[in-house]
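Note that the working numbering numbers the sequence shown so that position 268 is 291, with each residue one more than the last.
What follows is a single structure, written as structure tokens, with notes after it.
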Amino acid sequence: MPSRFQVPRGTYDLLPEEAAVRRRILAEARALAEGAGFGEIETPVFEDSDLFVRTVGEATDIVSKEMYTFEDRSGRSLTLRPEGTAPVCRAYIEHGMHKLPQPVKLWYWGPMFRYEAPQAGRYRQHSQAGVEAIGSDDPALDAEVIDLLGHLYARLGVSGVRLHLTSIGTPESRREYARELREFLLRTGVFDEEQKHRIEQNPMRAFDWEDAQIRKVTEEAPKMLDRLTDGDREHFEEVRRLLDGAGIDYDIDPRLVRGLDYYTRTVFEFRSDALGAQSGIGGGGRYDRLIEQIGGDPTPGVGWATGLERIAQAMEASGSTGAAATLSSNGDAPRFLFAVTEPAARQRVFRAVSELREEGLGATMDLGDRSLKSQMKHAARTGVPWVVIVGPDEWSREAAVIRDMSAHR
Ligand code: HAM
24 MPSRFQVPRG TYDLLPEEAA VRRRILAEAR ALAEGAGFGE IETPVFEDSD LFVRTVGEAT
84 DIVSKEMYTF EDRSGRSLTL RPEGTAPVCR AYIEHGMHKL PQPVKLWYWG PMFRYEAPQA
144 GRYRQHSQAG VEAIGSDDPA LDAEVIDLLG HLYARLGVSG VRLHLTSIGT PESRREYARE
204 LREFLLRTGV FDEEQKHRIE QNPMRAFDWE DAQIRKVTEE APKMLDRLTD GDREHFEEVR
264 RLLDGAGIDY DIDPRLVRGL DYYTRTVFEF RSDALGAQSG IGGGGRYDRL IEQIGGDPTP
324 GVGWATGLER IAQAMEASGS TGAAATLSSN GDAPRFLFAV TEPAARQRVF RAVSELREEG
384 LGATMDLGDR SLKSQMKHAA RTGVPWVVIV GPDEWSREAA VIRDMSAHR
């Protein structure tokens with residue numbers, strides 16, 4: 024039945040099998056985050072547009088090209104959130120969370136919206152799970168959130184992830200470094216007009232460009248990591264000592280560029296070789312100035328977010344989605360299937376199903392007008408553990424045959 028409607032470009036439908044994998048991912052994320060003292064927070068999917076302009080940054084791709092911005096009926100400019108950190112920080116201020124014991128640890132999950140060119144692993148609506156630890160600049164917190172994310176991938180059986188790590192210091196030292204880098208890059212004469220324009224805006228972006236000649240130039244360029252202030256360097260060294268002590272492997276990557284302007288000091292990204300071009304499976308860092316940028320008292324913070332679609336894709340590549348589907352169907356799928364071949368029994372069986380449900384025992388009734396044989400086949404395929412058969416004979420005796428399906432596998 025062809026329809027003239029399809030999902031909007033860059034979006035997808037999450038079908039039951041994929042939803043089972045998603046549930047498993049979220050169950051692990053929740054268990055890890057809550058086990059580490061992060062409480063759940065849910066913010067709206069849209070916010071005042073200015074919240075993102077001020078924090079993610081006007082010159083970033085996200086703000087300048089990718090936001091879903093609209094005016095509501097009273098003329099307010101709203102934006103479908105492209106990320107979750109700024110909204111969580113807004114909520115921190117709005118609910119006076121600075122009065123709580125610090126750091127305040129929050130985790131969240133939900134859809135994010137970015138008008139990007141769709142490709143494998145890149146969507147216009149994607150979902151993230153994330154954590155934010157707000158109110159302390161202790162390097163132990165940076166190490167803790169990094170460790171959590173590493174554990175999440177490990178528990179989900181995602182293999183082949185590498186942690187890339189660097190420090191980008193404070194905005195002041197970065198401004199000075201940007202001037203130095205800009206001059207260095209523009210002196211080389213390898214960039215076209217468009218690239219020069221982008222270098223004027225933010226020279227760090229050049230580290231992301233693939234062209235071989237540009238790569239060579241940026242290899243030789245000065246690195247922010249060599250321009251850190253003493254305080255920033257000590258902070259980074261402590262993060263590293265903690266990770267080293269815990270046996271957490273990482274690559275120092277002074278070329279690492281994150282697509283958001285609010286970062287200070289530690290930034291990191293986990294990449295998976297199973298993902299192809301969109302290899303970033305999760306990333307984050309410190310954002311010690313964000314809260315004051317949106318009107319709060321100066322308050323440091325650190326966190327990460329990870330793409331749920333990319334995790335599922337990496338799980339698939341690592342061969343761990345099958346187990347996820349089975350696991351979660353053991354949890355939530357019906358325990359009893361009523362196979363009914365006596366039409367007169369349908370009402371009574373329907374009531375029985377409802378009663379079982381009330382007892383918390385998942386049950387369902389095969390509603391198709393099918394033969395017992397095909398109902399049994401269906402039951403075997405869905406993996407339901409018990410089938411309750413009610414045919415004319417059983418019905419006349421007010422009885423039922425209960426079949427243990429594990430004996431038939
Ligand atoms: P981000 O790196 O922009 O960081 O996004 C986090 C993750 O979301 C990425 O690593 C990727 O897995 C996934 N992702 C991003 N864009 C897309 C897309 N178009 N399609 C599919 N997946 C995507 C942030 O958003 C920060 N808020 C992270 C953070 C939290 N930093 C500090 N706290």
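Yeah, the Cβ is synthetic: ideal placement off N, Cα and C, and Gly gets one too.
These figures come from a predicted structure and were not determined experimentally.
Cα-Cα separation, residue i to residue j
i, j, result
"Gln316", "Leu331", "29 Å"
"Thr135", "Arg45", "The amino acid occupying residue 135 in the given sequence is Met; Thr does not appear at that position. In a straight line, the C-alpha of Met135 is about 16 Å away from that of Arg45."
"Ile80", "Tyr286", "Checking the sequence, you will find Gly at residue 80 rather than Ile. Cα to Cα, the separation comes out at about 10 Å."
"Leu266", "Asp272", "7 Å"
"Arg333", "Glu365", "48 Å"
"Pro226", "Glu199", "12 Å"
"Gly306", "Arg185", "11 Å"
"Glu257", "Leu101", "40 Å"
"Ser419", "Ala368", "10 Å"
"Gly180", "Tyr146", "23 Å"
"Phe291", "Thr405", "42 Å"
"Phe259", "Arg137", "31 Å"
"Ala229", "Ser97", "41 Å"
"Leu298", "Thr211", "33 Å"
"Ala114", "Tyr131", "12 Å"
"Phe201", "Leu103", "Residue identity check: residue 201 is Ala in the sequence provided, not Phe. Straight-line Cα distance between these residues: approximately 31 Å."
"Val376", "Trp327", "44 Å"
"Lys240", "Glu223", "It is Val, not Lys, that sits at residue 240 in the sequence shown. Each residue's Cα considered, the two are about 16 Å apart."
"Asp170", "Leu209", "39 Å"
"Leu172", "Glu206", "37 Å"
"Ile219", "Leu55", "For the record, residue 219 in the displayed sequence is Lys; it is not Ile. Distance between the alpha carbons of Lys219 and Leu55 is about 44 Å."
"Glu155", "Val410", "46 Å"
"Ile78", "Arg312", "This sequence places Thr at residue 78; Ile is not what is there. Taking the straight line joining both Cα atoms gives about 9 Å."
"Ser351", "Arg47", "Low per-residue confidence applies at Ser351: pLDDT is 43, beneath 50, and the placement is therefore not dependable, though the value from the model is reported in the following sentence. About 7 Å."
"Ala362", "Met388", "6 Å"
"Glu167", "Val262", "9 Å"
"Glu65", "Glu195", "33 Å"
"Gln236", "Glu243", "11 Å"
"Ser182", "Glu339", "10 Å"
"Met247", "Arg197", "7 Å"
"Asp274", "Gly119", "38 Å"
Beta strand (DSSP E) segment containing residue i, residue limits
i, result
"Ser100", "Ser100 to Leu103"
"His149", "Gln148 to Ile157"
"Glu378", "That residue, Glu378, is in no beta strand (DSSP E); its alpha helix (DSSP H) goes Arg369 to Glu381."
"Arg96", "Neither: Arg96 is in no beta strand (DSSP E) and is coded neither H nor E."
"Gly306", "Gly303 to Arg309"
Residue i classed as buried or exposed, judged by whether at least 16 other C-beta atoms fall within 10 angstroms
i, result
"Asn353", "Its pLDDT being 44, under 50, Asn353 is placed unreliably in this model, and the coordinates cannot settle the point."
"Ala163", "exposed"
"Glu382", "exposed"
"Ala394", "Looking at the sequence itself, residue 394 is Ser, so the reference to Ala does not match. It counts as exposed."
"Leu123", "exposed"
"Ser72", "buried"
"Pro105", "buried"
"Ala422", "exposed"
"Met24", "exposed"
"Ile304", "buried"
"Asp253", "exposed"
"Ile412", "buried"
"Pro323", "buried"
"Asp255", "buried"
"Phe214", "buried"
"Val372", "buried"
"Lys128", "buried"
"Ser190", "buried"
Residue range of the alpha helix (DSSP H) that includes residue i
i, result
"Thr211", "Pro194 to Thr211"
"Trp327", "Premise fails: Trp327 lies in the beta strand (DSSP E), Gly324 to Gly330, not in any alpha helix (DSSP H)."
"Gly385", "Looking at the DSSP string, Gly385 is not in any alpha helix (DSSP H), and its letter there is neither H nor E."
"Gly362", "The amino acid occupying residue 362 in the given sequence is Ala; Gly does not appear at that position. Run containing Ala362: none in the alpha helix (DSSP H); it sits in the beta strand (DSSP E), Phe359 to Val363."
"Thr241", "Ala235 to Glu243"
"Asp255", "Asp253 to Gly268"
"Ile314", "Leu313 to Gln316"
"Arg221", "Glu216 to Gln224"
"Ile169", "Pro162 to Arg178"
"Gly58", "Pro39 to Gly58"
"Pro25", "Counting along the chain, Pro25 falls outside any alpha helix (DSSP H), and DSSP gives it neither H nor E."
Bridge-paired residues (DSSP) for residue i
i, result
"Trp409", "Phe359 and Asp427"
"Pro134", "Ser150"
"Ile116", "In the DSSP output, where bridge partners are listed per residue, Ile116 has none listed."
"His187", "Asp274 and Glu292"
"Tyr91", "Leu103"
"Lys128", "Ala156"
"Asp71", "Leu101"
"Glu63", "Trp130"
"Thr287", "Arg309"
"Arg145", "Gln142"
Residue-level contact to chain D via CB, residue i, 7 Å cutoff
i, result
"Arg137", "In the displayed structure, chain D is absent; only one protein chain is listed."
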